[in-house]
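Asker:
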Amino acid sequence: MDGNSPSRRELRAKAQSLRPFLQIGKEGLQEATYASVDAYLKKNELAKLSVLPSAPLTSKEALDELAARLKATKVQAIGRVLVLYREKEKNK
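Residues in the sequence shown are numbered consecutively from 1452, following my numbering.
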């Protein structure tokens, strides 16, 4: 996060009121998952997801993979819920 980005504390507070927009299930992270989260972050900046018990990875592992692949900031992973942030691109 750069100097103008909200702090993790502010992002966690904003995420409290969000509902997970996507569930990661037994298929784990697939191309469609990455594309869906990418599109959501482009529009909303802050994404909350849940990891189902049948998923082959933990919420921490999913958070790490998604953040690395989508160049997003890891906000938090608590239980089966994870939150990502990526600042909207400026129009040029």
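Glycine included, C-beta positions come from ideal geometry on N, C-alpha and C.
Take Ser1468 and list the residues in its own chain whose beta-carbon comes closer than 8 Å to its own, dropping the five residues that flank it on each side.
Answerer: Taking the first residue of the sequence shown as 1, we reach residue 1468 at position 17. Non-local C-beta neighbours of Ser1468 in its own chain, meaning closer than 8 Å and more than five positions away in sequence, are absent.
Asker: With distances taken Cα to Cα, identify the nearest neighbour of Leu1535 among Ser1505, Ala1513, Leu1497.
Answerer: In the sequence shown, the residue the question calls residue 1535 occupies position 84. Among Ser1505, Ala1513, Leu1497, the Cα nearest to that of Leu1535 is on Leu1497.
Asker: Within the same chain, show all residues whose beta-carbon is closer than 7 Å to that of Ala1523, passing over the 5 residues directly before and after it, in chain order.
Answerer: For the purposes of this step, residue 1523 is taken as the residue at position 72 of the sequence shown. Excluding residues up to 5 positions away in sequence, Leu1492, Leu1517, Leu1535, Tyr1536, Arg1537 lie with their Cβ nearer than 7 Å to the Cβ of Ala1523 in the same chain.
Asker: Report the start-end ranges of each alpha helix (DSSP H) in the region 1475–1511 that is 4 residues or longer and not cut off at the edges.
Answerer: 1482–1495
Asker: Could you tell me if Lys1499 is buried or exposed, where buried requires 16 or more neighbouring beta carbons within 10 angstroms of its beta carbon?
Answerer: Locating residue 1499 in the sequence shown gives position 48, where the first residue counts as 1. Label assigned to Lys1499: buried.
Asker: Where do the ends of the beta strand (DSSP E) carrying Lys1525 lie?
Answerer: Your numbering for residue 1525 matches position 74 in the sequence shown. Unbroken beta strand (DSSP E) run through Lys1525: 1524–1529.
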